[in-house]
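>
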Amino acid sequence: MVLTPKAAIEVCQEAAKRNLWILGIDGGHWLNPGFRPDGSTSWTYNKPNDYKPKLTENNKLAIDNIKEDTANGYTAFLVTISKPY
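Quick note, the sequence shown lines up with residues 171 to 255 if you use our numbering.
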């Protein structure tokens, strides 16, 4: 599902509350109709072995990435989430 910047940030915040790991953010532009991703705005974070204590930090980095991409003119985002292990 393609999300607005505000909705993508809310998804990241909710994921943190539920102990879910943000694996990636793909930014792009919403063109009516459709999403055009921009590969230069792709953010990925692979889980380290001791990821649980770093979950909050990781999800904050994802939010910061969305805010930065939004400031650069990107209007739509895909958020990839992982279940905890």
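No residue lacks a Cβ here, since even glycine has one placed at the ideal position from N, Cα and C.
Being a predicted model, the structure only gives us computed values, none of them experimental.
On the DSSP letters alone, give me the boundaries of the beta strand (DSSP E) that Val249 sits inside.
Against the sequence shown, residue 249 aligns to sequence position 79. Segment Ala246 to Ser252, the beta strand (DSSP E) holding Val249.
> Mapping the DSSP letters down to three states, classify Pro223 as helix, strand or coil.
Against the sequence shown, residue 223 aligns to sequence position 53. Three-state DSSP puts Pro223 in a helix.
> Anyone know if the C-beta pair for Ile192 and Asn242 falls short of 8 angstroms?
The residue given as residue 192 occupies position 22 in the sequence shown. The residue given as residue 242 occupies position 72 in the sequence shown. Contact: no.
> By the 10 Å Cβ neighbour count, where 16 or more other Cβ atoms means buried, how is Thr226 classified, buried or exposed?
Residue numbering aside, residue 226 sits at position 56 when the sequence shown is read from its first letter. Under the 10 Å beta carbon count, Thr226 is surrounded by fewer than 16 other beta carbons and is classified as exposed.
> Would you identify the three-state DSSP class for Asp196, choosing helix, strand or coil?
For the purposes of this step, residue 196 is identified with residue 26 of the sequence shown, where counting begins at 1. Three-state result, Asp196: strand.
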